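Student: Below is a structure I'd like to ask you about.
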Amino acid sequence: MARTSTANGSKRLLSLRVMTCRLGVFALSYSSASTMAGEFFSIGEVLAMLLEEFPDVTISKIRFLESQGLIAPERTTAGYRKFTAEEIERLRFILREQKDNFLPLRVIRDRLEGETSDSLLRPDDVTDPSMPRGIRVTSPAHPASRRPAPRATSAGGGRGVRRGPERYSRAEILDTTGVDDSTLAALEKIKLVRPRMLGSEAVYTVNDRDIVHLAGRLTALGIEPRLLMQWRLSAEREADLFAPLVARVASERRDSAAGDAEKLLDDLLSLGEELRRVILRNLTGHLRQPE
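Going by my numbering, the sequence shown opens with residue 945, and the numbers climb by one from there.
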């Protein structure tokens, strides 16, 4: 009898240990899954993930999509972007729409906001024969089905308003971009960057910071700062082409004129960037090694 009681006690102790072990494994697995679900990625890591499917994507392209309100990555306390897995999938969807279907940003934005959620595009969905060519039905789980991050709106109307420009001192620009003072001075000399003066202090915007960062990377690859003026001149010519088109729409006497003009500018910027990239790829194709 005593031997039976001892055996039963041993079995209960063994079962308890197995259960404890299993609970420990479950807790570890749950912890790992939670860590991955809440993981953040830097803009450089996001770029590396996208390059295989979208070889033409650049950091400036990702930043441009953010400036248009299509993606809304969080920010660290230092101001650096951090992307969730969901935001990366949203970004993939936007890039596929542009690459495969040549849709303008305003159409992509409308679909992301659910205004045409029954006709979203997705490469792995089956085409509905009753819809126009290229239009596919998406599943509710698709990242485009979720609503975008809330944006500030004016009290009078429902249109989104852009966040006020951040300001950087000269020291902060040098620190965040990694360029030296002489390079920044050279960029200012050719008017690639035009800081405003507040008293005796130069003040830079977010766009200034991004320009300095990209220019610094180009100089590190061997392009002299003075030669970067070609980019400014090209951009100025492009802006001169866009200005009368946008101004004409904005001057029309209808309530939606201002919004239509802004959408037109978005489309012109996006398509101009895509056209420039394709032309450059065509002009530099002979520089690549044949496969």
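Using N, Cα and C, we set each Cβ at its ideal position, and we do this for glycine too. Predicted model only: the values in this text are computed from it and were never measured.
(1) Look at the alpha carbon of residue 1154 and the alpha carbon of residue 1183, and state the distance between them as a whole number of angstroms.
(2) Is residue 1043 helix, strand or coil when you go by DSSP?
(3) Check this for me: beta carbons of residue 1047 and residue 1041, under 8 angstroms apart or not?
(4) Determine the burial state of residue 1017: buried for a count of at least 16 other Cβ atoms within 10 Å of its Cβ, exposed for fewer.
(5) Exposed or buried, what is residue 1160 when buried is set at 16 or more other beta-carbons lying within 10 Å of its beta-carbon?
(6) Whole beta strand (DSSP E) runs in the segment 986-1022 with 3 or more residues, listed along the chain?
(7) Within the same chain, show all residues whose beta-carbon is closer than 7 angstroms to that of residue 1216, passing over the 5 residues directly before and after it, in chain order.
(8) One question on the structure: do residue 1188 and residue 1127 come within less than 8 angstroms of each other, judged by their Cβ atoms?
(9) Using CA coordinates, which residue listed in 1157, 1116 and 1133 is at the minimum distance from residue 1145?
(10) Measuring alpha carbon to alpha carbon, tell me which residue in 1176, 1209 and 1178 is nearest residue 1192.
(11) Determine the direct distance from the alpha carbon of residue 1200 to that of residue 1119, and round the result to whole angstroms.
(12) For residue 1222, does the count of other Cβ atoms within 10 angstroms reach 16, so buried, or fall short, so exposed?
(13) Kindly give me the distance between the Cβ atoms of residue 1137 and residue 1152, rounded to whole angstroms, as I take these residues to be in contact under 8 angstroms.
(14) Measure the alpha-carbon distance for residue 1113 versus residue 1045 and round it to whole angstroms.
(15) My parser needs the alpha helix (DSSP H) runs of 4 or more residues fully inside the segment 1116-1154; what are they?
(16) Is DSSP giving residue 1025 helix, strand or coil here?
(17) Thinking just about the alpha-carbon of each residue, which of 1025, 1008 and 1024 is nearest to the one in residue 1038?
(18) Throw me the rounded Cβ distance for the residue 1004 and residue 1158 pair, which I believe falls under 8 angstroms.
(19) Between the alpha carbons of residue 1143 and residue 1150, how many angstroms are there, rounded?
(20) Who are the Cβ neighbours of residue 1130 in its own chain at under 6 angstroms, not counting the five residues just before and after it?
(21) To which residues of the same chain is residue 1121 closer than 7 angstroms at the C-beta, ignoring the five residues directly before and after it?
(22) Relative to the C-alpha of residue 985, which residue among 1000, 995, 1026 and 996 is closest?
(23) Below 8 angstroms on the Cβ atoms is my guess for residue 1162 versus residue 1134; work out the distance and round it to an integer in Å.
Tutor: If we stick to the structure as given:
(1) Position 210 of the sequence shown, counting from 1, holds the residue named residue 1154. Position 239 of the sequence shown, counting from 1, holds the residue named residue 1183. Cα to Cα, residue 1154 sits roughly 18 angstroms from residue 1183.
(2) Numbered from 1 along the sequence shown, position 99 holds the residue referred to as residue 1043. DSSP places residue 1043 in helix when its eight states are reduced to three.
(3) Locating residue 1047 in the sequence shown gives position 103, counting from the first residue. Locating residue 1041 in the sequence shown gives position 97, counting from the first residue. The Cβ atoms of residue 1047 and residue 1041 sit closer than 8 angstroms to each other.
(4) Within the sequence shown, the letter at position 73 stands for residue 1017. Buried is the call here.
(5) Position 216 of the sequence shown holds residue 1160. With 16 or more other CB atoms across the displayed protein chains lying within 10 angstroms of its CB, residue 1160 is buried.
(6) Whole beta strand (DSSP E) segments, 3+ residues: zero.
(7) The residue you call residue 1216 lines up with position 272 of the sequence shown. In the same chain as residue 1216, and ignoring 5 residues on each side of it, the C-beta atoms closer than 7 angstroms to its own belong to 1182, in chain order.
(8) To locate residue 1188, count along the sequence shown from 1; it is residue 244. To locate residue 1127, count along the sequence shown from 1; it is residue 183. Not in contact: residue 1188 and residue 1127 (Cβ atoms no closer than 8 angstroms).
(9) If you number the sequence shown from 1, residue 1145 lands on position 201. Check the Cα spacing between residue 1145 and each of 1157, 1116 and 1133: the tightest is with 1116.
(10) On the sequence shown, residue 1192 is found 248 positions in, with the first residue counted as 1. Ranking 1176, 1209 and 1178 by Cα distance to residue 1192 puts 1209 first.
(11) On the sequence shown, residue 1119 is found 175 positions in, with the first residue counted as 1. On the sequence shown, residue 1200 is found 256 positions in, with the first residue counted as 1. Each residue's Cα considered, the two are about 43 angstroms apart.
(12) Here residue 1222 corresponds to residue number 278 of the sequence shown, with the count starting at 1. Label assigned to residue 1222: exposed.
(13) As a first step, residue 1137 is located in the sequence shown; it is residue number 193 there, counting from the start. As a first step, residue 1152 is located in the sequence shown; it is residue number 208 there, counting from the start. About 5 angstroms separates the beta carbons of residue 1137 and residue 1152, which is inside the 8 angstroms limit, making them a contact pair.
(14) One-based indexing of the sequence shown puts residue 1113 at position 169. One-based indexing of the sequence shown puts residue 1045 at position 101. Between residue 1113 and residue 1045, the C-alpha separation is close to 42 angstroms.
(15) Runs of the alpha helix (DSSP H) inside the segment 1116-1154: 1125-1133.
(16) Locating residue 1025 in the sequence shown gives position 81, counting from the first residue. Taken through DSSP and simplified to helix, strand or coil, residue 1025 comes out as strand.
(17) The residue you call residue 1038 lines up with position 94 of the sequence shown. Ranking the options by Cα distance to residue 1038, first place goes to 1008.
(18) Here residue 1004 corresponds to residue number 60 of the sequence shown, with the count starting at 1. Here residue 1158 corresponds to residue number 214 of the sequence shown, with the count starting at 1. The pair is a contact, with the Cβ atoms about 6 angstroms apart (cut-off 8 angstroms).
(19) Counting from 1 along the sequence shown, the entry for residue 1143 is found at position 199. Counting from 1 along the sequence shown, the entry for residue 1150 is found at position 206. Distance between the alpha carbons of residue 1143 and residue 1150: 20 angstroms.
(20) The count along the sequence shown starts at 1 and reaches residue 1130 at position 186. 1169.
(21) For the purposes of this step, residue 1121 is identified with residue 177 of the sequence shown, where counting begins at 1. So the list reads 1153, 1156, 1157 and 1160, once near-sequence residues are dropped.
(22) For the purposes of this step, residue 985 is taken as residue 41 along the sequence shown, with counting starting at 1. If we check each option's Cα against that of residue 985, 1026 comes out closest.
(23) Start at 1 with the first residue of the sequence shown, and residue 1162 comes out as number 218. Start at 1 with the first residue of the sequence shown, and residue 1134 comes out as number 190. Wrong, their Cβ atoms sit about 13 angstroms apart, outside the cutoff.
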